[in-house]
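Mapped onto our numbering, the consecutive letters of the sequence shown carry residue numbers 3 to 105.
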Amino acid sequence: MPAISSPPTTSFCRSAAALGEAGEAERCFREAYDAAERQGAFGWRLRAALDLGEHLRSRNRLKDGVGIVMTALRAIEGGASTRDVRSAQAFLSAADMPILPSA
């Protein structure tokens, strides 16, 4: 069985964003999201989606961010009390989007 490696950390992505490298930051966040998705790591995917969503919101692309967070949140079964699920619900609520019911 092949070893499963963890998706790229988004701390590097946040550093790129803080340095004003918006394009590099977005590419990095998307890479982390895609890697988590390929591995079926739904919790990591949600965390990457939240980071990407926040980045897109800061770039006046809230609609894109909401779509990514909503897609990742829908894939989570249970876990309604986890920090990342609550953060995703808060992100959607702040964007005036309907919050998915808790499982």
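Note that CB positions come from ideal geometry on N, CA and C, so glycine has one too. For clarity, every value in this text was computed on a predicted model and none was experimentally measured.
Separation of residue j from residue i, as counted between CA atoms
{"i": "isoleucine 78", "j": "alanine 43", "result": "10 Å"}
{"i": "alanine 105", "j": "glutamate 26", "result": "Any reading at alanine 105 needs caution, since the residue's pLDDT is 46, under 50, leaving its predicted position unreliable; the model's value is listed next. Spanning the two alpha carbons is a distance of roughly 35 Å."}
{"i": "alanine 19", "j": "phenylalanine 31", "result": "10 Å"}
{"i": "aspartate 86", "j": "arginine 49", "result": "6 Å"}
{"i": "serine 60", "j": "arginine 16", "result": "12 Å"}
{"i": "alanine 82", "j": "glycine 45", "result": "11 Å"}
Nonlocal neighbours in the same chain, by C-beta distance under 6 Å from residue i, ignoring five residues either side
{"i": "glutamate 39", "result": "Arg47"}
Cβ-Cβ separation, residue j to residue i (assumed contact under 8 Å), whole Å
{"i": "threonine 12", "j": "alanine 37", "result": "Between alanine 37 and threonine 12 the Cβ distance is about 11 Å, and since that is not below 8 Å, they are no contact."}
{"i": "alanine 51", "j": "alanine 74", "result": "4 Å"}
{"i": "histidine 57", "j": "glutamate 23", "result": "The pair is not a contact, with the Cβ atoms about 11 Å apart (cut-off 8 Å)."}
Close Cβ partners of residue i (< 7 Å) along its chain, the five nearest in sequence each way excluded
{"i": "valine 71", "result": "Ala51, Leu52, Gly55, Ala90, Phe93, Leu94"}
{"i": "asparagine 62", "result": "none"}
{"i": "aspartate 66", "result": "Leu58"}
Cβ neighbours of residue i in the same chain (closer than 8 Å, five flanking residues each side left out)
{"i": "leucine 21", "result": "none"}
{"i": "methionine 3", "result": "Any reading at methionine 3 must be qualified, since the residue scores a pLDDT of 42, below 50, and its modelled position is unreliable; the value itself is stated next. Within the same chain, methionine 3 has no close Cβ partners at all."}
{"i": "leucine 64", "result": "Leu58, Ala97"}
{"i": "phenylalanine 14", "result": "Cys30"}
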